[in-house]
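> Have a look at the structure that comes next, please.
Residue numbers (full-length UniProt numbering), protein chains in the order written: chain A, 1 to 214; chain B, 1 to 214.
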């Protein structure tokens with residue numbers, strides 16, 4: 001299959017959902033699915049599904065639908081979930097522990113090779129087969145192991161100096177759970193933000209509005 | 001100030017960021033800020049900022065900027081962060097613990113009144129001043145305490161039956177960390193999804209693409 005050079009960001013953001021869903025079908029032994037069925041189960045329109053899949057080369061056959069396994073593999077490969085990019089995690093509180101455990105056992109796209117914290121109570125703890133290392137050792141560890149991405153689960157008060165250090169070491173990709181706007185400060189970075197607080201406040205707004213109107 | 005009846009979802013999703021930022025300024029004793037300064041610090045355009053604030057009645061004065069404290073209070077009130085809606089959390093693993101702790105100590109918009117889990121190892125543990133209760137007691141607890149919102153930190157395999165129960169009890173608002181599409185199944189619910197996996201896969205894609213092109 002020929003790979004198209006450009007897939008737009010909205011399509012990319014839908015790919016993980018397709019991937020998840022198709023993998024589920026694949027595991028259950030479903031071999032083919034039509035765009036109509038897929039769209040109904042996922043809450044998109046059928047034409048949206050066809051349009052999305054066309055972006056990276058199609059796979060559908062009129063009247064036969066999509067081959068589930070092949071499509072799943074292809075989307076997985078586009079997403080790069082089979083690459084095992086080396087990454088480190090900074091901040092091993094509850095959130096850091098949850099993320100570390102999840103990545104180590106459920107996701108092949110990143111290979112978690114180091115977990116760091118600056119609290120004496122946390123350093124030395126075992127999380128997902130890794131021992132938490134002291135934050136003071138980040139620079140040396142990175143120069144020896146060259147991770148590509150860092151997961152930031154540190155408090156807002158610490159994140160600025162942590163990113164300064166990591167960027168200086170050469171890490172340019174971040175999964176950021178803090179509120180620090182990395183991409184605004186360092187435009188050449190790749191950043192995915194998870195702003196739990198913003199999501200919670202948005203929910204709070206919607207619940208409040210709903211109460212007012214009911 | 002007159003409140004406009006409708007604020008669009010994109011504006012609402014930006015409000016938490018404004019709120020966070022303005023509260024930070026307010027705490028530091030900053031009393032006024034211009035749309036230009038705000039926009040530079042937040043990475044929006046000044047006209048975007050003015051447009052957003054106009055949606056709920058303005059506050060800016062030509063040449064004087066915005067009153068930080070007043071604007072912060074107003075946005076907080078629109079978001080409903082001062083309402084303390086009662087909520088429960090299901091699933092007290094690492095993620096559940098992180099969320100429970102965060103909500104209890106950092107967010108006034110929701111009042112966490114119950115934490116539930118079905119694992120014997122977890123039930124009875126103390127998280128953020130609450131003792132984890134057995135999942136079997138959810139129905140009774142809800143009929144006595146009438147929470148408005150549920151936070152779902154349960155595994156994907158358990159979430160469908162948990163939502164069935166909660167919806168049946170009358171809970172219509174969810175902060176959902178699982179992949180189950182609640183709103184597709186129950187269109188009259190208010191749902192904020194946090195799809196950590198999708199965010200991670202999107203990052204994986206961007207890192208992969210970046211490697212290919214460099």
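All residues carry an ideal CB built from backbone N, CA and C; glycine is no exception. Fair warning: this is a prediction, and the values are worked out from it, not measured in the lab.
Pick helix, strand or coil for residue 40/B, following the three-state DSSP scheme.
Residue 40/B: helix per DSSP, three-state reduction.
> What whole-angstrom Cβ distance do residue 20/A and residue 68/A have, given they're in contact under 8 Å?
No, residue 20/A and residue 68/A are not in contact; Cβ-Cβ is about 13 Å, not under 8 Å.
> Kindly identify the DSSP beta-bridge partner or partners of residue 120/A.
For residue 120/A, which the question treats as bridged, DSSP gives no partner whatsoever.
> Along chain A, in chain order, which residues have C-beta atoms closer than 8 Å to that of residue 179/B?
Here the neighbours are 20.
> Report the CB separation of residue 212/B from residue 190/B in whole angstroms; it is logged as a contact under 8 Å.
Actually they do not touch by this definition, with Cβ atoms about 40 Å apart.
> Let me confirm a value: residue 82/A is counted as buried when at least 16 other C-beta atoms fall within 10 Å, else exposed. Which label applies?
Exposed, by the Cβ-count rule.
> Any heavy atom of the ligand NAD inside 7 Å of the beta-carbon of residue 121/A?
Absence of the ligand NAD is noted for the structure shown, with no ligands found whatsoever.
> In chain order, what residues of the same chain lie with their CB nearer than 7 Å to the CB of residue 17/A, ignoring the 5 residues before and after it?
The answer, listed in chain order, is 42.
> Where do the ends of the alpha helix (DSSP H) carrying residue 69/A lie?
That run of the alpha helix (DSSP H) goes 68–79.
> Please classify residue 30/A as buried or exposed, where buried requires at least 16 neighbouring CB atoms within 10 angstroms.
Residue 30/A comes out exposed.
> What's the gap between the Cα of residue 10/B and the Cα of residue 209/A?
Roughly 16 Å between the two C-alpha positions.
> Classify residue 105/A as buried or exposed, calling it buried when 16 or more other Cβ atoms lie within 10 Å of its own Cβ.
Exposed: under 16 other Cβ atoms inside 10 Å.
> 8 Å is my cut-off, CB to CB: does residue 169/B come that close to chain A?
By this cut-off, residue 169/B is not an interface position.
> Nearest to residue 146/B by alpha carbon, out of 72/B, 22/B, 35/B and 88/B?
Minimum Cα distance to residue 146/B is reached at 88/B.
> Along the segment 192–214 of chain A, what residues have a CB closer than 7 Å to any CB found in chain B?
Listed by position along the chain: 192, 194, 196, 197, 198, 199, 200, 201, 202, 203, 204, 205, 206, 207, 208 and 210.
> Spatial neighbours of residue 141/B within its chain, please: C-beta separation below 7 Å, excluding the five flanking residues on both sides.
So the qualifying residues of the chain are 114 and 133.
> Using C-beta distances below 8 Å, list every residue in its chain close to residue 136/B, excluding the 5 sequence neighbours before and after it, in chain order.
If we look at residue 136/B and ignore the five residues flanking it on each side, its Cβ neighbours are 118.
> Would residue 162/B pass as an interface residue toward chain A - the criterion being a Cβ-Cβ separation below 8 Å?
Answer no: the Cβ-Cβ gap between residue 162/B and chain A never drops below 8 Å.
> Could you spell out where the alpha helix (DSSP H) holding residue 166/B opens and where it closes?
Where residue 166/B is concerned, the enclosing alpha helix (DSSP H) stretches over 156–169.
> Using DSSP's beta-bridge definition, name the partner residues of residue 104/B.
Answer is none; residue 104/B lacks a bridge partner.
> What residues in its chain sit with their C-beta under 6 Å from that of residue 36/B, if we drop five residues either side in the sequence?
Within the same chain, residue 36/B has close Cβ partners 46.
> Output the distance between the C-alpha atoms of residue 100/B and residue 71/B, rounded to the nearest integer angstrom.
Spanning the two alpha carbons is a distance of roughly 29 Å.
> Just verifying my parser: in three-state terms, what is the DSSP assignment at residue 150/B?
Strand at residue 150/B.
> Can you list, in chain order, the residues of its chain with a C-beta nearer than 8 Å to that of residue 184/B? Leave out the 5 residues immediately preceding and following it.
Cβ neighbours of residue 184/B beyond the five flanking positions: none.
> Using Cβ-Cβ distances below 7 Å, what residues of the segment 107–134 of chain A are close to chain B?
Those residues of the segment 107–134 of chain A that come within reach of chain B (Cβ to Cβ, closer than 7 Å) are 107, 109 and 110.
> How many whole angstroms separate the CB atoms of residue 195/B and residue 207/A, which I take to be in contact at a CB cut-off of 8 Å?
Between residue 207/A and residue 195/B the Cβ distance is about 20 Å, and since that is not below 8 Å, they are no contact.
> Assuming residue 11/B is part of the alpha helix (DSSP H), what are its boundary residues?
Per DSSP, residue 11/B belongs to the alpha helix (DSSP H) from 9–27.
> For residue 173/B, decide whether its Cβ has a neighbour in chain A, counting only Cβ atoms nearer than 8 Å.
Yes, residue 173/B lies at the interface with chain A (some Cβ there is under 8 Å from its Cβ).
> Can you list, in chain order, the residues of its chain whose CB lies under 6 Å from that of residue 39/B, leaving out five sequence neighbours each side?
Hits under 6 Å: 45, 46 and 49.
> Which partner residues does residue 211/A have in the DSSP bridge list?
Residue 211/A pairs with nothing; no bridge assigned.
> CA-CA distance, residue 179/A and residue 156/A?
Going by the C-alpha atoms only, they are around 6 Å apart.
> Terminal residues of the continuous alpha helix (DSSP H) containing residue 47/A?
Residues 46–55.
> Taking the straight line between their C-alpha atoms, what separation do you get for residue 148/A and residue 161/A?
Near 18 Å, if we compare the C-alpha coordinates of residue 161/A and residue 148/A.
> Could you tell me the boundaries of the alpha helix (DSSP H) in which residue 143/B lies?
138–145 is the span of the alpha helix (DSSP H), which, as asked, contains residue 143/B.
> Bridge partners for residue 133/B per DSSP, in chain order?
Answer by DSSP bridge pairing, in chain order: 116/B.
> Does any C-beta atom of chain A lie closer than 8 Å to the C-beta of residue 80/B?
Taking Cβ atoms only, chain A reaches closer than 8 Å to residue 80/B, which makes this a yes.
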